[in-house]
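Written below as structure tokens is the structure these notes are about.
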Amino acid sequence: MGSKVMPSFQTKFERLELKFLVEESHADSIRKDISTLCKSDAYNGIRENGSLNQRGYPIYSCYLDSPAMAFHRAKERGDSHRLKLRIRTYSETSLASLEIKRRHSAVIYKTRTAIDRDLVEKAARGYPVGSVKTQSAQSVLSDFSRIAAKSGAEPTLTVHYRREAYESLVDNYARVTFDRKIKVQAATDWSLNPHPGGWHSFDEYWEKRSRISPVVLELKCETTPPLWMVELIRKHQLESSSFSKYSIGVGLCDENWGLGRKSSRRSLKALG
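Residue numbers (the working numbering): 25 to 296.
Put into structure tokens, the structure is as follows:
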């Protein structure tokens with residue numbers, strides 16, 4: 025992806041997100057079943073670091089959390105109302121999307137705006153960003169910086185994976201995504217440049233719990249799932265999962281970096 029290119033960008037939406045863990049052969053079958061109802065995302069097959077084409081496109085999500093890991097702990101408790109702050113990029117040079125993801129019971133409310141990656145720290149601290157021109161974008165940045173300042177949130181964990189995505193041809197909004205090759209590392213600054221040798225693969229997590237490394241399947245739609253999604257779940261006997269890349273990643277990295285015990289980190293307030 026070029027330096028100023030991002031996948032199709034919607035700035036505000038409300039949706040359901042249904043997660044399932046499936047085997048690769050199962051993913052192949054599901055892909056065939058949706059072939060007449062969905063089209064392939066335009067960014068599927070993007071090259072990464074000059075490598076051969078792979079199915080899907082790369083995603084880097086840098087999650088922010090408080091010194092006491094409040095956002096992670098809310099997920100672990102299963103709080104019905106919780107949120108996440110993250111910064112998403114798609115390459116080493118792409119724009120950065122600052123995102124606020126709120127969960128109210130089963131419904132996800134997400135707002136985001138894209139800015140130059142070099143301006144991320146400044147925006148997160150609440151300083152004016154000249155490149156932001158619209159009121160809606162400024163509103164997202166103000167909300168993001170307010171939550172970050174109140175919680176003392178800082179970059180905590182980067183999650184990297186490849187996403188294969190499909191968009192519905194018959195609904196206003198519905199997506200099917202398959203996430204693979206998930207890996208994580210501690211985030212220690214705002215550079216958004218993970219260390220090439222610092223990754224922990226989710227294979228380490230699966231080895232202790234499963235005979236395979238499953239594909240993470242997500243069905244995303246407006247507040248009522250379309251009938252074809254309901255039938256897909258029934259036909260393939262899909263069992264929902266509360267799988268969280270961020271919280272599992274925290275667990276993977278905790279022994280090495282003590283992510284669950286970062287109470288000594290300075291907050292954004294202290295940094296002024």
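We treat Cβ as the ideally placed atom computed from N, Cα and C, and that holds for glycine.
Scanning its chain for C-beta atoms nearer than 6 angstroms, with the 5 sequence neighbours on each side dropped, one finds around V183 the residues S85, V208, K269, G273, in chain order. Taking Y197 as the centre and dropping the five residues before and after it, the same chain places the C-beta of E246 closer than 6 angstroms to its C-beta, in chain order. Residue pairing by DSSP places Y81 opposite R187 in a beta bridge.
About 13 angstroms separates the Cβ atoms of P249 and L61, ruling out a contact at the 8 angstroms cut-off. Each of S163, R258, F267 was checked against the Cα of D203, and the nearest Cα belongs to F267.
Annotation for R79: E188 place their beta carbon closer than 6 angstroms to its own, counting only its chain and skipping 5 residues before and after.
For G102, same chain residues with a beta-carbon under 6 angstroms away, outside a window of 5 residues either side, do not exist. Beta-bridge analysis with DSSP links Q209 to T182. K43 is not a Cβ neighbour of K134, given a cutoff of 9 angstroms. Distance from the CA atom of P218 to the CA atom of I139, rounded to whole angstroms, is 19 angstroms. T248 is not bridged by DSSP to any residue. About 5 angstroms separates the CB atoms of T201 and E242; that is less than 8 angstroms, so the two are in contact.
V131 sits exposed, since fewer than 16 C-beta atoms from the chains shown fall within 10 Å of its C-beta. For H50, the uninterrupted alpha helix (DSSP H) segment begins and ends at 48-57. Boundaries for R106: no alpha helix (DSSP H) harbours it, while the beta strand (DSSP E) harbouring it runs 105-113, taken from the DSSP string. In the DSSP assignment, I236 falls outside any alpha helix (DSSP H), carrying neither H nor E. Sorting V239, S64, L107, K259 by C-alpha distance to the C-alpha of F168 places L107 at the top.
DSSP places V194 in the coil class of the three-state scheme, outside both helix and strand. In the three-state reduction of the DSSP assignment, D140 falls in the coil class, being assigned neither a helical nor a strand state.
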